[in-house]
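Novice: Taken in sequence, the protein lines are chains U and Z.
Here the first sequence is numbered in UniProt numbering, starting from 1 and rising by one per residue.
Here the second sequence is numbered in UniProt numbering, starting from 1 and rising by one per residue.
Note that the Cβ used here is the ideal one computed from N, Cα and C, for glycine as well.
Being a predicted model, the structure only gives us computed values, none of them experimental.
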Amino acid sequence: MSADHLPEHPDFLWRNPEPKSSYDAVIVGGGGHGLATAYFLAKNHGMTNIAVLEKGWLAGGNMARNTTIIRSNYLWDESAAIYEHALKLWEVLPEELEYDFLFSQRGVMNLAHTLGDVRESIRRVGANQLNGVDAEWLDPQQVKELCPILNISDNIRYPVMGATYQPRAGIAKHDHVAWAFARKCDELGVDIIQNCEVTGFVKDGNRVVGVKTNRGTINTEKVGLAAAGHSSVLAEMAGFRLPIQSHPLQALVSELHEPVHPTVVMSNHVHVYVSQAHKGELVMGAGVDSYNGYGQRGSFHVIEEQMAAAVELFPIFARAHVLRTWGGIVDTTMDASPIVGTTPVENMFVNCGWGTGGFKATPAAGLTFAHTIATGAPHQLNKPFALERFETGALIDEHGAAAVAH
Amino acid sequence: MLLISCPNCGPRDETEFHYGGQAHVAYPENPAALSDREWAEYLFYRDNTKGAFAERWVHSTGCRQWFNMLRDTVSYEIQSIYRMGEPRPDAAPAGTATITTSPEGAQK
């Protein structure tokens with residue numbers, strides 16, 4: 001295996017237009033989800049007089065900060081359906097968007113370290129197979145064959161007792177995904193407006209009719225919120241609450257190495273997830289910092305713990321050096337599932353609560369959210385993820401069930 | 001890492017503590033009388049303030065006592081630490097979110 005060749009850094013792929021005074025729909029948030037939503041609004045619903053407002057630069061939030069893992073091996077039917085739909089879209093999007101964002105289906109392995117892990121994992125493999133998600137159970141020797149650098153001996157605190165494996169899972173180049181969507185949006189006539197921060201909303205009664213920004217007020221018939229960690233702040237401006245807590249989530253990369261890691265390894269119990277990026281950095285992450293935070297940084301002991309976990313599982317990483325650490329702000333819900341749908345404000349829609357795992361869902365979030373914005377009704381795939389579930393009690397509890405702790 | 005001054009034990013590393021989320025959320029006086037909406041609010045809805053936020057911490061590996069903290073959720077600066085049962089010191093009404101929307105407070 002040799003390092004994948006990266007394309008040259010592209011020229012500007014989209015215009016930087018001034019905001020118009022009015023649009024048919026405005027998407028707040030120019031990250032992966034916002035751009036994908038705009039793309040599917042234009043492509044599937046013919047809505048091209050729309051704008052994506054981004055307060056910073058395009059895809060500079062969590063889209064620039066995630067660890068790029070794509071998988072669909074979630075336990076519950078509702079989650080498996082939407083994430084598997086996303087995975088199928090990832091498989092065709094490079095051709096559809098005419099942009100090779102290096103989706104590398106190198107597989108994702110979720111390690112089991114306790115008898116409880118083993119039982120949960122085998123149950124999840126069964127559930128996945130029933131839902132048409134490719135999943136298999138590997139014993140420690142098969143784990144070693146797929147990923148030779150993993151330590152499967154019993155000389156560590158939590159030996160590897162096996163793993164679930166999803167061969168179609170993998171990683172993609174996150175920046176290129178954003179650029180691919182942005183270029184197509186631009187071609188379809190969507191205005192992508194950077195450095196445009198939303199400061200409030202204009203309402204007529206309970207109906208949203210406009211967006212106030214630092215570049216003036218924009219009239220619009222519909223508003224879609226896709227602002228991840230800042231969703232609560234926007235909802236508060238619009239006059240409603242979301243059951244979301246924003247936390248820092250940190251990740252890190254090493255300096256470049258020769259290809260040593262052929263797949264993606266996640267460990268819920270020892271708690272780290274590691275892949276090797278196309279260029280050669282080891283990319284790793286783990287759980288959120290415990291406290292609420294909007295600072296895009298966290299505490300160093302969290303980084304220290306994930307590196308300790310990585311070295312325990314991959315002894316050869318002991319001499320690797322950290323090149324860079326960073327943090328993003330993730331919007332977590334109590335059931336670790338997203339919120340996609342209508343809001344208490346008429347003509348305002350929300351896509352949020354993806355927490356630590358939003359990147360993998362980007363295409364399906366965009367597709368279903370666009371459907372909801374265009375038609376005012378949920379798509380079959382996002383219907384279970386409505387805000388109302390916190391009242392009805394129909395929660396989709398992926399805490400622990402989703403193959404990773406949050 | 002935060003350096004947290006436990007009201008009983010003094011300054012200690014963040015790793016000695018556990019987080020308890022928003023402070024001053026009272027258990028409903030008459031839970032049976034709540035509507036589904038009100039019960040959802042109590043169970044699942046918490047303020048997610050960008051700015052000064054009153055929250056609970058417990059000194060798990062020290063005195064094991066809970067206490068309240070007023071902390072800025074953008075700079076993470078600890079502004080005040082006060083005991084359980086005491087009111088929020090900055091006199092802002094409980095549940096009022098302080099939202100920073102200026103460019104200085106924006107996500108950079």
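Could you list the residues in the segment 25-47 of chain U with a C-beta less than 8 angstroms from some C-beta on chain Z, going in chain order?
Specialist: Residues of the segment 25-47 of chain U with a C-beta atom less than 8 angstroms from some C-beta of chain Z do not occur.
Novice: Is the CB of residue 337(U) under 9 angstroms away from at least one CB in chain Z?
Specialist: no
Novice: For residue 209(U) and residue 345(U), what's the separation of their Cα atoms in angstroms?
Specialist: 11 angstroms
Novice: Please report whether the beta-carbon of residue 109(Z) lies at a distance below 9 angstroms from any beta-carbon of chain U.
Specialist: Lying outside 1 to 108, the shown extent of chain Z, residue 109(Z) is not represented and no answer is given.
Novice: In whole angstroms, what separates the C-alpha of residue 30(U) from that of residue 353(U)?
Specialist: 16 angstroms
Novice: Taking DSSP as the reference, what is the three-state secondary structure of residue 406(U)?
Specialist: Only weak support is given to the placement of residue 406(U): the predicted model assigns it a pLDDT of 46, under 50, and the value that follows is read from those uncertain coordinates. If DSSP states are grouped into helix, strand and coil, residue 406(U) belongs with coil.
Novice: Would you verify that the beta carbon of residue 71(Z) is, or is not, closer than 9 angstroms to some beta carbon of chain U?
Specialist: Residue 71(Z) belongs to the set of residues whose beta carbon lies under 9 angstroms from a beta carbon in chain U.
Novice: Would DSSP call residue 201(U) helix, strand or coil?
Specialist: strand
Novice: Mind the definition here: the segment 87-100 of chain U touches the segment 168-178 of chain U only if three or more C-beta pairs lie below 8 angstroms; say whether that holds.
Specialist: yes
Novice: How would you write the range of the alpha helix (DSSP H) that residue 219(U) sits in, first residue to last?
Specialist: Going by DSSP, residue 219(U) is part of no alpha helix (DSSP H) but of the beta strand (DSSP E) stretching over 216-225.
Novice: Spatial neighbours of residue 34(U) within its chain, please: C-beta separation below 6 angstroms, excluding the five flanking residues on both sides.
Specialist: Closer than 6 angstroms at the Cβ level, and outside the excluded window around residue 34(U), lie 27, 52, 226.
Novice: Could you tell me the alpha carbon to alpha carbon distance between residue 326(U) and residue 393(U), rounded to whole angstroms?
Specialist: 36 angstroms
Novice: Going by beta-carbon coordinates alone, are residue 271(U) and residue 306(U) separated by less than 9 angstroms?
Specialist: yes
Novice: Using beta-carbon positions only, say whether residue 254(U) and residue 106(U) come within less than 9 angstroms of one another.
Specialist: no
Novice: Terminal residues of the continuous alpha helix (DSSP H) containing residue 142(U)?
Specialist: 140-146
Novice: Under a three-way DSSP split, which group does residue 277(U) fall into?
Specialist: coil
Novice: If the criterion is Cβ atoms closer than 9 angstroms, does the pair residue 24(Z) and residue 88(Z) meet it?
Specialist: One thing to note: residue 24(Z) has its Cβ within 9 angstroms of the Cβ of residue 88(Z).
Novice: Could I get the ranges of all uninterrupted beta strand (DSSP E) runs contained in the segment 229-275 of chain U, with 3 residues as the minimum, in chain order?
Specialist: Taking only runs of at least 3 residues, the beta strand (DSSP E) segments lying wholly in the segment 229-275 of chain U are 245-256, 264-267.
Novice: Can you pull the chain U neighbours of residue 76(Z), defined as C-beta to C-beta under 7 angstroms?
Specialist: Per Cβ cutoff of 7 angstroms: 293, 295.
Novice: At a Cβ threshold of 9 angstroms, is residue 245(U) touching chain Z?
Specialist: yes
Novice: To the nearest angstrom, report how far apart residue 361(U) and residue 45(U) are at their CA atoms.
Specialist: 20 angstroms
Novice: Strictly under 9 angstroms for the Cβ-Cβ distance: is residue 359(U) near chain Z by that measure?
Specialist: no
Novice: Considering only the alpha carbon of each residue, which of 328(U), 241(U), 120(U), 180(U) lies closest to residue 7(U)?
Specialist: 180(U)
Novice: Any beta carbon of chain Z sitting closer than 9 angstroms to that of residue 242(U)?
Specialist: yes
Novice: Taking only beta carbons into account, state which residues of the segment 65-95 of chain U come closer than 8 angstroms to chain Z, listed in chain order.
Specialist: none
Novice: For residue 202(U), would you say it is in contact with chain Z, using Cβ-to-Cβ distances shorter than 9 angstroms as the test?
Specialist: no
Novice: For chain U, find out if any of its Cβ atoms is closer than 9 angstroms to the Cβ of residue 19(Z); answer yes or no.
Specialist: yes
Novice: Under a three-way DSSP split, which group does residue 15(Z) fall into?
Specialist: Note: residue 15(Z) maps to helix in three-state DSSP.
Novice: What's the call for residue 5(U), buried or exposed, on a 16-neighbour Cβ count within 10 Å?
Specialist: exposed
Novice: Taking residue 213(U) as the reference, give the member of 197(U), 221(U), 204(U), 203(U) with the closest Cα.
Specialist: Residue 197(U) is the option with its Cα nearest to residue 213(U).
Novice: Hey, would you say residue 146(U) sits closer than 9 angstroms to residue 252(U), going by beta carbons?
Specialist: no
Novice: Counting only the same chain and skipping the five closest in sequence on each side, list residues whose C-beta sits under 7 angstroms from that of residue 294(U).
Specialist: 229, 246, 329
Novice: If you draw a straight line from the C-alpha of residue 96(U) to the C-alpha of residue 48(Z), how long is it?
Specialist: 38 angstroms
Novice: Count Cβ pairs between the segment 142-160 of chain U and the segment 263-270 of chain U that sit closer than 8 angstroms; are there 3 or more?
Specialist: With the cut-off at 8 angstroms, the segment 142-160 of chain U and the segment 263-270 of chain U touch.
Novice: In chain order, what residues of the same chain have a beta carbon less than 6 angstroms from the beta carbon of residue 397(U), not counting five sequence neighbours either side?
Specialist: So the qualifying residues of the chain are 335.
Novice: Tell me the rounded alpha-carbon separation between residue 278(U) and residue 11(Z).
Specialist: 44 angstroms
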